[in-house]
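Following: one structure in structure tokens, then a few remarks.
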Amino acid sequence: MREEELLAMERELDQVVEWRHRLGNKYTQDGKSLVAKIATDGLDIKEAVRKAVERIGGFARALSPGDKVLLKANFNSDDPFPASTSLDFLTAVIELLREHGIQDLTLGERSGWPWMPTDRVLRRMGVYEAMAKVGVPVIDFDHVEYADVKIEGSVHYETIGIAKPVLEFDKIVFLPCMKHHFLAGFTMSMKLAVGMVYVVDMKYLHYHVPLKEKVPEIALVVQPDLIIMDGRKSFISDGPDHGTQVEPGVVMASGDQVAIDVEGVRILQSYGRPPKEDAVYLIDGDVWSLEQVSQAVKLGIGAASDQQIVVVGAS
405 MREEELLAME RELDQVVEWR HRLGNKYTQD GKSLVAKIAT DGLDIKEAVR
455 KAVERIGGFA RALSPGDKVL LKANFNSDDP FPASTSLDFL TAVIELLREH
505 GIQDLTLGER SGWPWMPTDR VLRRMGVYEA MAKVGVPVID FDHVEYADVK
555 IEGSVHYETI GIAKPVLEFD KIVFLPCMKH HFLAGFTMSM KLAVGMVYVV
605 DMKYLHYHVP LKEKVPEIAL VVQPDLIIMD GRKSFISDGP DHGTQVEPGV
655 VMASGDQVAI DVEGVRILQS YGRPPKEDAV YLIDGDVWSL EQVSQAVKLG
705 IGAASDQQIV VVGAS
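Quick note, the numbering used here runs 404 ahead of the 1-based positions in the sequence shown.
Have a look at this one:
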């Protein structure tokens, strides 16, 4: 999609509706948010995901066999992992969910500008073929109606358009990549929700007030019940489609968007500023002072300090 086409689009939605998917973090210990961080050395991806979810309490803490579950991965562009979700990771998650009795699974996606239309991205990435093999239907959010959802407590929005199919699911699982973003600072679990948002509202997200201040407000309407993040590879600069690539070799899991993003950013920060002079790097300093995180704390999206997070490893 060309930029002039995006800019020319006008907001056309039905009447405002009241809806929330904020069921609360089921992955806690003594009132603190659990974050699993599992090294993938010597493990295949399925075993790494299994260990990560087990360490925070297992799939059953948040998901039940009868649930209708939406999977939201990262197919923002048609660039390979870590820009986009790796299909071996996505397939591993699906297999594990099925093994735990969770059968009613759907993948939903809307790609970003300028890579959309989403159908082209999904075809180029082999998503339709991979999902057909495991029997998971795919919803292209380019071709659905959107609900104009009222946001309570928002600074920048009164309403936001959310793909109507999202409203029909019992549970939502986010499957983010772990990477830097040239506007938002980083793109992990909080920013993943942008791929459910009406394209005209996505346009507004990226203009005027900085994107990193607006992203957390989506979580006032919709939050995942489980987050599993693939950090085998990452970008520590630029992003979301390219950047300085590193290999942290981790898979992470949590029920708290702020907690898992904070720990993910710390991993990116551990590599230091990239040596490339023209690299965009927006994650200097204390992670809690980064605008996406500090805004999320103000809004009560998740953990508000290190004292509210418990990081667990493989043992």
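Where is the CB? At the ideal position from N, CA and C, for every residue including glycine.
- Leaving aside the five residues that flank residue 433 on each side, the residues in its chain whose CB is nearer than 8 Å to its CB run, in chain order, 714.
- Of the residues assessed, residue 675 falls on the exposed side of the cut-off, its CB having fewer than 16 other CB atoms within 10 angstroms.
- Beta-bridge partners of residue 590 (DSSP): 584.
- Looking at the backbone, the Cα of residue 678 and that of residue 490 are separated by about 24 Å.
- Between the alpha carbons of residue 518 and residue 528 lies a distance of about 15 Å.
- Under DSSP, the beta-bridge partners assigned to residue 567 are 550.
- Under DSSP, residue 425 shares a beta bridge with 626.
- Straight-line spacing of the CA atoms in residue 515 and residue 436 works out to 34 Å.
- Where residue 531 is concerned, the enclosing alpha helix (DSSP H) starts and stops at 531-538.
- Ranking 488, 439 and 427 by CA distance to the CA of residue 646 puts 488 first.
- Taking the C-beta atoms as reference points, residue 429 is found no nearer than 8 Å to residue 581.
- Across the set 629, 532 and 649, the C-alpha of 629 shows the shortest separation from the C-alpha of residue 661.
- Residue environment: residue 611 is assigned as exposed (fewer than 16 neighbouring CB atoms within 10 Å of its CB, all protein chains considered).
- Annotation note: the segment 593-659 contains the following uninterrupted beta strand (DSSP E) runs of length 3 or greater, listed N- to C-terminal: 630-635 and 654-658.
- Taking the Cα positions, residue 539 is about 10 Å away from residue 532.
- 8 Å or more divides the Cβ of residue 606 from the Cβ of residue 635.
- Taking C-beta atoms under 8 Å as the contact rule, residue 555 and residue 563 qualify, at a distance of about 6 Å.
- About 12 Å separates the beta carbons of residue 665 and residue 584, which is beyond the 8 Å limit, so they are not a contact pair.
- Beta-bridge partners of residue 455 (DSSP): none assigned.
- Distances from the CA of residue 587 to each of 617, 604 and 559 were compared; the closest alpha carbon is that of 617.
- Burial is judged here by how many other beta carbons sit within 10 angstroms of a residue's own beta carbon; residue 706 has at least 16 and is buried.
- Sequence-distant partners of residue 483 (beyond 5 residues in either direction) whose C-beta falls short of 7 Å from its own C-beta, in its chain, are 645 and 646.
- Assignment of beta-bridge partners to residue 440 by DSSP yields 657 and 716.
- One alpha carbon belongs to residue 508, the other to residue 578, and they sit about 16 Å apart.
- Residue 668 sits in a helix when the DSSP states are folded into three classes.
- Distance between residue 501 and residue 525, taken at the CA atoms: about 25 Å.
- Within the segment 483-523, complete beta strand (DSSP E) segments of at least 3 residues are found at 508-513, given in chain order.
- For residue 430, no alpha helix (DSSP H) encloses it, and the DSSP letter there is neither H nor E.
- Under the three-state reduction of DSSP output, residue 684 falls in the coil class, being neither helix nor strand.
- For residue 579, there is no enclosing beta strand (DSSP E), as DSSP gives it neither H nor E.
- Excluding residues up to 5 positions away in sequence, nothing lies with its Cβ nearer than 6 Å to the Cβ of residue 559 in the same chain.
- Only residues of its own chain outside the window of five on either side were considered, and among them 653, 654 and 718 have a CB closer than 7 Å to the CB of residue 443, listed in chain order.
- Excluding residues up to 5 positions away in sequence, 625 lie with their Cβ nearer than 7 Å to the Cβ of residue 424 in the same chain.
- The Cβ atoms of residue 474 and residue 510 lie closer than 8 Å to each other.
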